[in-house]
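Heads up, the thing below is written out as structure tokens.
Residue numbers (our numbering), protein chains in the order written: chain D, 473 to 898; chain A, 3 to 468.
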């Protein structure tokens, strides 16, 4: 098969058929904001008291028993943040970022959701409302739609979901892309053209196909080897994803499970004419049994997350300076360990804001304490900080989303949750 | 009056698993009758000489776990070797199970029942990304779901809750009553370990299996229900838990059970050992909230993403009045005018897309093994929904740009592989019948090659939906 330049195809297809141009932007375009935002969703409810142990709280060790993280300085102890909080010993990169003033840790933070269903909790985390299933769109998409015109001097998608499908937080009227590695061979130009024509009267499929093709064109451009079906040394066909993944393998980066998604995220965000906001999931935080402490199940997941974020910084290169990564979860876990050396669904959790654009080196928490009286409903870390305030602060100062939009369209009826100021460098 | 060609396509493609050549003709004028006839007879069982029971598999795994405990004490290398042995035990079992499942789907002549089986397996979801259920997710479906698909919801709920796969997946096997004999004995000995409940299974039964998240329960109900089902565990001939039982089978361990009465949803359940939990589950199955929740999910799966409320209410009424008799509910579903009102209302999941493609091409069961990897490739690895909520069931969950592109690439590969042996123009009406559009017909007829014609049929908008 002849190698075809996907970008050339896109241009040709647009001219020949018209359909593609009519139904969608055909490529990401330059201009607009330099700021990058990455939202990492920890699905399953991260145990904030293990990720960010309040080792200085007099009740912490009692509640956590054998899985409590020891004070800084002891064997397997926390990495010190201040006199009250530390980071889990697996979070070495985040600890470095804290020292470099590139990390803010939020604690006792929660979305408005106060029940304990993962699925409704995630819905609220993504829909930006006070209740689950309130709307079918997400706060990132609504923020993109509310960007001032000088920030959107571009034609293409500003947002990208790293995954096959678009999660709720990215859904809405603003066009967004999704990308996931493919191990299938790409199509020839003629067949793709015919499918495009076949979809011309189907608004959903034509839009999705156009978005997919636009994403591939950025991947091609970022790769600098924009062949539709690149031939490898042995003559086998390689997919775009394999082409995209190749430099990372060649460089022999660490084997973090997020490697592929981080690499793609960095490729997209580094590109001048690429998207500016990316979102991806990290799974496996629902530690009901045998959670572990300084070592064990959760420690291993935290280490992988930490390695993934380190890789992200390396791969973003100079763009790290313009980047803010928000890492958040749907809710926290019980203050005490349960009967199976794990923790059940709770309320307030910890969250991280990391990146070169972060005014870091701080813990932002109005610590409610872990005494029995202080616990929410007698069992969970009490929420004292609204996640929406943190998110609004980031969107306002980093992406310049207007306050009026933040209070109404992006986080409906949220004027009471004031944006946290000075989270990022102007 | 419905258009019979449209109804036949809805029956075979939305309620079934996709029309095989000749199937639409067999459905003929009586789409409702074709579906109703499938409800007769026992639930279909999977064929496969190598398929093993959960207890058989688990007892072997338990032995390995025991070895692992000893190895861990001995040396790190030996421990790693035993971990490999568990993977070696489970992988071929998973392969056999999924192959048998696909094989049945490819040629089933009761595809509606097979589709219902998938629905219930997804409702009572376990996910093989938790390694402990990797080897028994398939046998869970065969043992807990299939036998009750044409039975009663209460039996389905009891069977799934007591199956080792569910107990392991939602961590109930080691949940211990804080005042149980075991906890008290340990307290007397002054041990370090704090014994207590794990509320994971109790919460998900209320939220995901019965009442639904808006079904009117509170945290206190979760906690007391979790106490009720302490001691619902898995037998082992040795290991840290007392009480024996048949290795790998459900066992009630009295010594772990929280003694005394518990109040769940305002009703007091006297102490009764295992029967206390059975009583709570029986009551949950009969609650109006459960009827409404199940009706909503069925209607969402078989009618539309946002099903009409009259349809949901009608199904809930039948569910409630029949005491959870599932064939009655299915008959009500078939009888609803809303079921036939709008063709192509559902976007196929990757699994539905793959199965319908292969059925359309009349791929025989012996090729099921080759089809296995397609499911992971397109984003729906079998038995791996990744969460106890199961796979989501709305178009927006499946129609992402990357997802569509993968489907197209997969279709193209299939078109290139099989196009030479099939006449897409002749297949198209047999797949799509009354829902085929003029543009699809034209596109296929003008294709540059037989393989491209097949690719176009496979990627047609009408075939992406059901």
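All C-beta atoms, glycine included, are put in the ideal place defined by N, C-alpha and C. Quick caveat: nothing in here was measured; it's all calculated off a predicted structure.
Residue ranges of each alpha helix (DSSP H) run of no fewer than 4 residues wholly in the segment 321-359 of chain A, ordered along the chain? Segments of the alpha helix (DSSP H) lying fully in the segment 321-359 of chain A: 328-337.
So residue 256 (chain A) contacts chain D; which residues on that side make the cut at Cβ distance below 8 Å? To locate residue 256 (chain A), count along the second chain from 1; it is residue 254. Taking a Cβ-Cβ cut-off of 8 Å, residue 256 (chain A) has no neighbours in chain D, whose nearest Cβ is about 17 Å from it.
Pairwise C-alpha distance: residue 583 (chain D) and residue 463 (chain A): Position 461 of the second chain, counting from 1, holds the residue named residue 463 (chain A). Position 111 of the first chain, counting from 1, holds the residue named residue 583 (chain D). Approximately 39 Å, taken between the alpha carbons.
In chain A, what lies closer than 8 Å to residue 776 (chain D) by C-beta? Counting from 1 along the first chain, the entry for residue 776 (chain D) is found at position 304. Chain A residues near residue 776 (chain D): none, gap ~15 Å exceeds 8 Å.
Under 7 Å by beta carbon: chain A residues contacting residue 651 (chain D): Within the first chain, numbered from 1, the residue matching residue 651 (chain D) stands at position 179. Here the neighbours are 404.
Which of the residues in the segment 585-605 of chain D, read from start to end, lie with their CB under 8 Å from any CB of chain A? Cβ contacts with chain A: 587, 588, 589, 590, 591, 592, 604.
With DSSP as the reference, please indicate the residues paired to residue 753 (chain D) in a beta bridge. Stepping through the first chain from its first residue, residue 753 (chain D) is reached at position 281. Paired residues: D:513.
Determine the DSSP secondary structure at residue 453 (chain A), reduced to helix, strand or coil. The residue you call residue 453 (chain A) lines up with position 451 of the second chain. Under the three-state reduction of DSSP output, residue 453 (chain A) falls in the helix class.
For a cutoff of 8 Å on Cβ pairs, would you count residue 737 (chain D) as touching chain A? Against the first chain, residue 737 (chain D) aligns to sequence position 265. Not flagged as an interface residue toward chain A: residue 737 (chain D), since no C-beta distance is shorter than 8 Å.
Does the CB of residue 458 (chain A) have a neighbour CB from chain D at under 8 Å? Position 456 of the second chain, counting from 1, holds the residue named residue 458 (chain A). Output row for residue 458 (chain A): interface = yes.
Contact with chain D by residue 209 (chain A), beta-carbon distance below 8 Å: Indexing the second chain from 1 puts residue 209 (chain A) at position 207. Yes, residue 209 (chain A) lies at the interface with chain D (some Cβ there is under 8 Å from its Cβ).
Contacts of residue 532 (chain D) in chain A (Cβ-Cβ under 8 Å): Locating residue 532 (chain D) in the first chain gives position 60, counting from the first residue. Those do not exist, as residue 532 (chain D) stays about 15 Å from chain A at its closest Cβ, beyond 8 Å.
Kindly provide the ranges of any beta strand (DSSP E) runs that are 3 or more residues long and lie completely inside the segment 154-214 of chain A, ordered along the chain. Counting whole runs of 3 or more residues, the segment 154-214 of chain A contains no beta strand (DSSP E) stretch at all.
Is DSSP giving residue 265 (chain A) helix, strand or coil here? Against the second chain, residue 265 (chain A) aligns to sequence position 263. Secondary structure at residue 265 (chain A): strand, using DSSP grouped into helix, strand and coil.
At least three beta-carbon pairs within less than 8 Å, the segment 109-127 of chain A to the segment 31-44 of chain A: These segments touch.
Once the 5 residues before and after residue 890 (chain D) are set aside, which same chain residues still bring their CB inside 8 Å of it? Stepping through the first chain from its first residue, residue 890 (chain D) is reached at position 418. For residue 890 (chain D), where only same-chain residues beyond five positions count, the Cβ hits under 8 Å are 861, 864.
Taking 8 Å as the threshold (beta carbon to beta carbon), is residue 582 (chain D) in contact with chain A? Taking the first residue of the first chain as position 1, residue 582 (chain D) is located at position 110. False, the Cβ-Cβ gap to chain A never drops below 8 Å.
May I ask which residues mark the beginning and end of the beta strand (DSSP E) holding residue 579 (chain D)? Translated into positions along the first chain, residue 579 (chain D) becomes position 107. For residue 579 (chain D), the uninterrupted beta strand (DSSP E) segment begins and ends at 575-582.
To be precise: take each residue of the segment 795-813 of chain D, compare its Cβ to all Cβ atoms of chain A, and keep it if any distance is under 8 Å. Which residues remain? Result list: 809, 810, 811, 812.
Among the residues of its own chain, which have a CB less than 6 Å from the CB of residue 602 (chain D), if the five just before and after it don't count? Numbered from its first residue, the first chain carries residue 602 (chain D) at position 130. Around residue 602 (chain D): 584.
For residue 445 (chain A), report the span of its beta strand (DSSP E) as first-last. Translated into positions along the second chain, residue 445 (chain A) becomes position 443. Residue 445 (chain A) -> not in any beta strand (DSSP E); alpha helix (DSSP H) instead, spanning 440-447.
Would you list the one or two residues that DSSP bridges to residue 667 (chain D)? Sequence index remark: in the first chain, residue 667 (chain D) carries index 195 (1-based). Per DSSP, none; premise fails for residue 667 (chain D).
Got a sec: is the Cβ-Cβ distance from residue 470 (chain A) to anything in chain D below 8 Å? Here chain A comprises residues numbered 3 to 468, so residue 470 (chain A) is not present and cannot be evaluated.
Residue 886 (chain D) by DSSP, collapsed to three states: which one? Numbered from its first residue, the first chain carries residue 886 (chain D) at position 414. Looking at residue 886 (chain D) - three-state DSSP - the assignment turns out to be coil, as it is neither helix nor strand.
For residue 105 (chain A), collect the residues of the same chain with a Cβ closer than 6 Å to its Cβ; drop the 5 residues on either side in sequence, then sort them by chain order. For the purposes of this step, residue 105 (chain A) is taken as residue 103 along the second chain, with counting starting at 1. Cβ neighbours of residue 105 (chain A) beyond the five flanking positions: 367, 370.
Closer than 7 Å by C-beta to residue 465 (chain A): which residues in its own chain qualify, once you throw out the five before and the five after it? Chain order, please. Translated into positions along the second chain, residue 465 (chain A) becomes position 463. Excluding sequence neighbours, residue 465 (chain A) sits near 433, 434, 459.
Using CA atoms only, rank isn't needed, just tell me which of D:561, D:831, D:511, D:740 is closest to residue 546 (chain D). Here residue 546 (chain D) refers to the residue found at position 74 when the first chain is read from its first residue. The residue with the shortest Cα to Cα distance from residue 546 (chain D) is D:561.
Return the chain-ordered ranges of every beta strand (DSSP E) run that is complete within the segment 760-817 of chain D and spans a minimum of 3 residues. Qualifying beta strand (DSSP E) stretches, in chain order: 795-801.
Listed in chain order, which residues of the segment 843-866 of chain D have Cβ atoms closer than 9 Å to some Cβ of chain A? So the close ones are 849, 851.
Determine, using beta carbons only, whether residue 354 (chain A) comes closer than 8 Å to chain D. Stepping through the second chain from its first residue, residue 354 (chain A) is reached at position 352. With 8 Å as the cut-off, residue 354 (chain A) does not count as an interface residue toward chain D.
Can you tell me which of D:835, D:808, D:853, D:793 puts its alpha carbon nearest to the alpha carbon of residue 820 (chain D)? Residue numbering aside, residue 820 (chain D) sits at position 348 when the first chain is read from its first letter. It is D:853 whose Cα lies nearest to the Cα of residue 820 (chain D).
With 16 other CB atoms within 10 Å as the buried threshold, where does residue 573 (chain D) fall? By one-based count along the first chain, residue 573 (chain D) stands at place 101. By the neighbour-count criterion, in which a residue is buried when 16 or more other Cβ atoms sit within 10 angstroms of its Cβ, residue 573 (chain D) is exposed.
Within chain D, the residues that residue 215 (chain A) reaches when beta carbons sit closer than 8 Å: To locate residue 215 (chain A), count along the second chain from 1; it is residue 213. Within chain D, the residues near residue 215 (chain A) are 587, 589, 591, 592, 604.
Taking residue 834 (chain D) as part of the beta strand (DSSP E), name the residues at either end of that continuous run. As a first step, residue 834 (chain D) must be located in the first chain, where it is residue number 362. DSSP places residue 834 (chain D) in the uninterrupted beta strand (DSSP E) bounded by 834-836.
My understanding is that residue 178 (chain A) touches residue 192 (chain A), with C-beta atoms under 8 Å, so please give their C-beta distance in whole angstroms. Locating residue 178 (chain A) in the second chain gives position 176, where the first residue counts as 1. Locating residue 192 (chain A) in the second chain gives position 190, where the first residue counts as 1. Contact doesn't hold; Cβ gap of about 17 Å is too wide.
Measuring straight from C-alpha to C-alpha, what distance separates residue 893 (chain D) and residue 800 (chain D)? Within the first chain, the letter at position 421 stands for residue 893 (chain D). Within the first chain, the letter at position 328 stands for residue 800 (chain D). Taking C-alpha positions only, residue 893 (chain D) is separated from residue 800 (chain D) by approximately 19 Å.
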